[in-house]
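Working notes, structure below.
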Amino acid sequence: MFAFLDRFLSRSEASRDTAKNRLKLVLMQDRSVIPPAVLERIRAEVLAVLHRYVEIDQGALELNLDRSEGSVALLASVPIVRVREDAAQLLAEAVAAEAATGDASTTGAELAGGDADGAVEVATVETPDAVAGTAAEAEASSEPATEVAAGDAQADEASLARPAGEAALT
Amino acid sequence: MFKRQRKAPRSVTVEHAPDEASSAPALPEPEPAVAPEPAAEPEVAAAVAEVVAAAEQATTLLRLKGWRGGLLLHLDADAPWDDVLAALHDKLDAVRDFWAGATCTLDLGTRAACPDGLGALPAQLEERYGLTVVAIAAARDEVREAIGAAGLEALAELEPAVLRAEPEVPPPPAPKYVKGTVRSGQVLEADGHLIIMGDVNAGAELRAGGDIMVFGTLRGMAHAGASGDRGAVIVALNLRPTQLRIADLIARAPDGGQPPLSKHPERAEVRGQEIHILSM
Amino acid sequence: MATGRVIVVTSGKGGVGKTTTTANLGMALATMGEKVALIDADIGLRNLDLILGLENRIVYDIVDVVEKRCKLRQALIKDKRMPNLVLLPAAQTRDKSAVTPEQMKELIADLQSDGFGFILIDCPAGIEQGFRNATAGATEAVIVTNPEVSAVRDADRIVGLLEAAELRNPSLIVNRLRPHLVKNETMMSVEDVQEILNIKLLGIVPDDEAIINSSNRGEPVTLHEAAKSGQAYRNIARRLRGEEVPFLQFDEGGLMGRIRRFLTGVR
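Protein chains in written order, with our numbering: chain A, 1 to 170; chain B, 1001 to 1280; chain C, 2001 to 2267.
In structure tokens, the structure reads:
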């Protein structure tokens, strides 16, 4: 009886919607075919790559599955402590390596940049099957095809500039 | 179902196990009468009783008795040995699997000579029926000597008291005493009497060869005289079972709820062909 | 050839109303003239007998049948109110491993050849052997859930497991719906649940005190004309038989409902 009054007055989100959203999220994880062990490994490898460019608060790294438009996305929230000074040089090497392999198929992902709190979100938008494929590849290859291009990475410490490149787990 | 009546005699309406089994099922044909419990033992016991009785009446070639926790086989002293052997195998074959693990003593009586092949008989009985020959009795010294020579224990004579005894009734097993609540899904079994100091909840099962006494409320299923003894009784301070069974009879609570609690302990027993509930 | 429909009633989560649903659908179908067999596959935790009020009549159970201590028809308990409804009770003193999926299949084939048009299997909660047994012989599945996060999540898991067991296109019963809670947005609506699970809706059963009463008495609520939940179960039974029946509308009448709607701004 008082529940609705409370809600009416406080104008908080209806618990019905909270329930729905939480459920959707948890079901995405339930339905996704990435076993926790693989997810953990992806986390470690993403971390290793990012670590080359930026110093990361490793304990606060979050890796989650999210869904948009019927496909599942892997969302990483990476709190950055500071950008490394030699990042620009590493970037040049990475670009050169990419050019050498001629592999340009790093679509389907973007490096969402520049949150005020210094977090970077790495997202790859894939169907569950493709994500599974990713996992399998990551498992198979000791040097996974993970590429990060951070564009003007030497910008302000607190916020990375709009991404000029793409980060993909393909 | 059983109904309690306020006036003595306190009770009635019972159903036979076979009736119950056929009225409960949905499908048309009643099944042939079947004991409510998978009662391998009572069947065999009955068969044995039959064999024993037949052996005692029909022939003097062979008499079977219970003795010293095993069997005593009196083999006719005067008939030809082959006939005696044939009679022996005949009887044992009738319920062949029953003998496994039992022991027996062969009594040759006043037979004049040790028969050929006697030495091999224990091995045969062992192999064929699982029956172990512990001793062979014979009245004559020379026969006993021959038996002893074959490596078997030879007895001079059997105690007269034992020879007169009816087929031996094994001493009743000790009552089983359980303290505490018997809960749904639990099964308590006892060869003899079963005494519960506590409640027996619905969904629990008690099964006893003898009587069942519950010092508490009996709400579950109780089966007394499970090996066929219709003389068994079920007693409880509060008798509110889902089902009672005594030997092959089944009674169940009336549809539409239990009658009010009795202020007295009650006893269920068989009268005629029915389970009755009586106030104590 | 056997044509009886074999429907497993399952949920994953316990306590959502599988047993009540099984009892009521069985009873409703029998009332409509179908020859119905209910199988309680929840060995060790039998309850279907209680909900149907047949607990006193159990002499043999499903384990006695598979262990060949009695014939199948000896173990079937005919409902006292509805002679074309029978129950095959679970054993209470054994566990799920007492029956194998193969034995379930055999049993169901026997029931089919005995002419049962509907065989409903009350599945135990969980996804272990009890679930595998209950689904083994089924050709259709009904998933019962509540408009509540844990029940829906488990239902989703069950949809996946059923697919793996070749039981495709399960249908959904949303049980224990409380319309006024949906109205004031504190409970997920049927549409919400359906949107998430994305399977065919078979029926909606409102939360109803009459169910508690009927369980207490061992009389399925569908026997009571007046009860809203009973009506819902009868509708579901008709849909199972292939009829088109509109879903019940749960309008909240009365002063309280109007005040609540006014206060919460829900039209």
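In this text, a Cβ means the ideal position worked out from N, Cα and C, and glycines have one as well. Bear in mind that the values here come from a model prediction, so they are computed numbers and not experimental data.
Query                                                                                                                         : Result
Exposure label - Y2233(C); buried when at least 16 CB within 10 Å                                                             : buried
Interface residues of chain C facing L23(A) [CB-CB closer than 7 angstroms]                                                   : V2149, V2152, R2153, I2196
Minimum C-alpha distance to A1113(B) - residue among I1147(B), Q1124(B), D1097(B), G1101(B)                                   : I1147(B)
Residue-chain proximity (T2019(C), chain A), Cβ-Cβ < 8 angstroms                                                              : no
Chain A within 8 angstroms of D2192(C), Cβ atoms only                                                                         : yes
Reduced DSSP secondary structure (H/G/I, E/B, other) of M2104(C)                                                              : helix
Spatial distance of T1060(B) from D1090(B) (CA atoms)                                                                         : 14 angstroms
Neighbour flag for R1252(B) against chain C, beta carbons, 8 angstroms                                                        : yes
Per DSSP, the bridge partner or partners of Y2060(C)                                                                          : DSSP, once it has assigned bridges, lists no residue as partnering Y2060(C).
Chain C residues whose Cβ lies nearer than 7 angstroms to that of V1187(B)                                                    : T2093
Rounded distance between the beta-carbons of A2075(C) and L2054(C), thought under 8 angstroms                                 : Actually they are not in contact, since the Cβ atoms of L2054(C) and A2075(C) sit about 12 angstroms apart, beyond 8 angstroms.
Helix, strand or coil at V2006(C) [DSSP, three-state]                                                                         : strand
Same chain, Cβ closer than 6 angstroms to R2237(C), neighbours up to 5 away in sequence not counted                           : According to the sequence as given, residue 2237(C) is Ala; it is not Arg. Taken in chain order, the residues that qualify are L2025, A2028, L2029.
Selection of the region 1172-1187 of chain B by Cβ proximity to chain C, strictly under 9 angstroms                           : S1184, G1185, Q1186, V1187
At least 3 beta-carbon pairs within less than 8 angstroms: the region 2007-2026 of chain C vs the region 2090-2106 of chain C : no
Under 7 angstroms from the C-beta of G1203(B): neighbouring residues of chain C                                               : Q2092
Meets three-Cβ-pair contact criterion under 8 angstroms: the region 2054-2067 of chain C and the region 2103-2112 of chain C  : yes
Any non-hydrogen atom of the ligand HEM closer than 7 angstroms to D17(A) Cβ                                                  : Among the components modelled here there is no ligand, and therefore nothing to report on the ligand HEM.
Supposed close pair L2162(C), A2141(C) - CB separation, criterion 8 angstroms                                                 : 5 angstroms
Assigned exposure category for A2098(C) - 16 Cβ within 10 Å defines buried                                                    : buried
Exposure label - R2057(C); buried when at least 16 CB within 10 Å                                                             : buried
Per-residue DSSP class, three states only, for S2150(C)                                                                       : helix
6 angstroms CB neighbourhood of H1223(B) in its chain, flanking five on each side removed                                     : R1207, R1245
Run of the beta strand (DSSP E) containing N2175(C), from where it starts to where it stops                                   : 2171-2177
Supposed contact pair L2172(C) and T2139(C) - C-beta distance, whole angstroms, cut 8 angstroms                               : In fact, because the Cβ distance is near 17 angstroms, the residues do not count as touching under 8 angstroms.
For S2011(C) and P1170(B), the rounded distance between their alpha carbons                                                   : 54 angstroms
Spatial distance of A1047(B) from R1096(B) (CA atoms)                                                                         : 11 angstroms
Residues that E2055(C) contacts on chain B, provided the C-beta gap is smaller than 8 angstroms                               : A1202, T1242
Listed by chain order, chain B residues near K2080(C) by CB distance under 8 angstroms                                        : D1255
Three-state class that DSSP yields for M2027(C) in the structure shown                                                        : helix
For V2193(C) and K2200(C), the rounded distance between their alpha carbons                                                   : 11 angstroms
Rounded separation between V1143(B) and G1070(B) - CA only                                                                    : 23 angstroms
Closest Cα partner of A1150(B) within the set A1123(B), R1128(B), G1192(B), H1074(B)                                          : A1123(B)
Residues near D2156(C) by beta carbon distance below 8 angstroms, same chain, minus five either side                          : I2196, L2197
Alpha-carbon to alpha-carbon, H2224(C) and I2143(C)                                                                           : 24 angstroms
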